[in-house]
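Here is the structure we will look at.
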Amino acid sequence: MRKLFCVVGCLIVLSRAPALAAEPAVVVVQVVENSMEADIFIARGESTPEHIEIPVGITDKKAAAAAVGYQRVLARLYAEGYVLQGSSGPRTDGAFRTTTYIFVKAPKA
Numbered sequence: 528m529r530k531l532f533c534v535v536g537c538l539i540v541l542s543r544a545p546a547l548a549a550e551p552a553v554v555v556v557q558v559v560e561n562s563m564e565a566d567i568f569i570a571r572g573e574s575t576p577e578h579i580e581i582p583v584g585i586t587d588k589k590a591a592a593a594a595v596g597y598q599r600v601l602a603r604l605y606a607e608g609y610v611l612q613g614s615s616g617p618r619t620d621g622a623f624r625t626t627t628y629i630f631v632k633a634p635k636a
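Residue 528 is where the sequence shown starts when you use this note's numbering, and the numbers rise one by one after that.
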């Protein structure tokens, strides 16, 4: 009986090992801003990146609309289980400013 419990215990541990070794899902979010709009590109692996345009500006109304747009994108990623891992930038190229964010979803145990 003791051997049976040992074998069952080993099988349970071995069945969970691949889940722990799986790589986390990674999403790259690149934000390209100019004085009129922000283009957000969300890349998930090999699929075509999602493109979201958000109007931006220096007026209160445009700044508030931009904040709402950014909040929706981030809230959706967090709801999907992603957490911000890191960022780079902003990199300025003429009238454009580019910032890249890396989001990671930990594998399910």
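Quick reminder that beta carbons are idealized off the backbone N, C-alpha and C, glycines included.
Note that this is a predicted model, so its numbers are computed, not measured.
Residue 632 places its beta carbon 7 Å or farther from that of residue 605. Distances from the alpha-carbon of residue 566 to those of 573, 557, 574 and 585 put 557 closest.
Across the set 555, 554, 581 and 559, the C-alpha of 559 shows the shortest separation from the C-alpha of residue 617.
Within a 10 Å sphere around the beta-carbon of residue 581 sit 16 or more other beta-carbons, which makes this residue buried. Within the same chain, Cβ atoms closer than 8 Å to the Cβ of residue 628 are found at 555, 556, 557, 558, 611, 613 and 614, the five residues on either side in sequence being excluded.
Taking 8 Å as the upper bound for CB-CB distance, residue 583 and residue 563 are in contact here, some 7 Å apart. It is roughly 5 Å from the alpha-carbon of residue 623 to the alpha-carbon of residue 561.
Collapsing the DSSP output to three states places residue 596 in a helix. Relative to the Cα of residue 572, the nearest Cα in the group 634, 552, 619 and 593 belongs to 552.
Residue environment analysis places residue 585 among the exposed positions, since fewer than 16 neighbouring C-beta atoms fall within 10 angstroms of its C-beta. Annotation: the continuous beta strand (DSSP E) that includes residue 632 extends over 623-632.
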